[in-house]
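Worksheet: the structure to be examined is printed underneath.
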Amino acid sequence: MSLLAELQKEEFTHLKVLDPAQVAGVEFSIHELMRQIARERTGLRRIYAALVPKATRMRDVRHLFSPRDQEAADTLIAAIDRLEQACARQADKNYRLALGLYNQSRSSIEFIQNQIVPKKQVYSAAGRFAKAAMEPALLNGRL
């Protein structure tokens, strides 16, 4: 979880400096790490189920440990929970920044496209105002 937090901070840094190549690389690493975390959690659930049928969480098998080990497990679980919450907050920040950059880029592209589209009145070949077609059309002409 600590590595995930570091990768998310790195992703945020790359988003701030508008470096899409670096963002893509870090994003790939984050996805791989998330897959690994999911596999580890699935493996732990299998271990819990082997110890106590229908157990899916650490608290379901906690009673099997000594009191000292229970405290250590509780401390580790609390630390993991704090890291998960921090990662969730950072992921939200990254999402908001990426979405804002996307919206900004999209609106810039729409503005450029609107500037390229012919206006309602344009000059014709004869040098007079003519009405331009706003939709795409096929042109036929001879030289």
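Read in the numbering used here, the sequence shown has 121 at position 117, and its numbers run on one by one without any break. Just so it is clear, CB atoms sit at the ideal spot from N, CA and C, and this is done for glycine as well.
Where does residue i sit, in a helix, a strand or coil, going by DSSP?
i      : result
Asp78  : helix
Pro57  : coil
Leu22  : coil
Ser70  : coil
Val121 : coil
Met5   : coil
Specify, as a first and last residue, the run of the alpha helix (DSSP H) that residue i falls within.
i     : result
Arg63 : 62-65
*Could you tell me whether the segment 47-59 touches the segment 74-82, where touching means 3 or more Cβ pairs closer than 8 angstroms?*
no
*Could you tell me whether the segment 56-66 touches the segment 15-29, where touching means 3 or more Cβ pairs closer than 8 angstroms?*
no
*Quick check: the segment 95-104 against the segment 9-24, are there 3 or more CB pairs under 8 angstroms?*
yes
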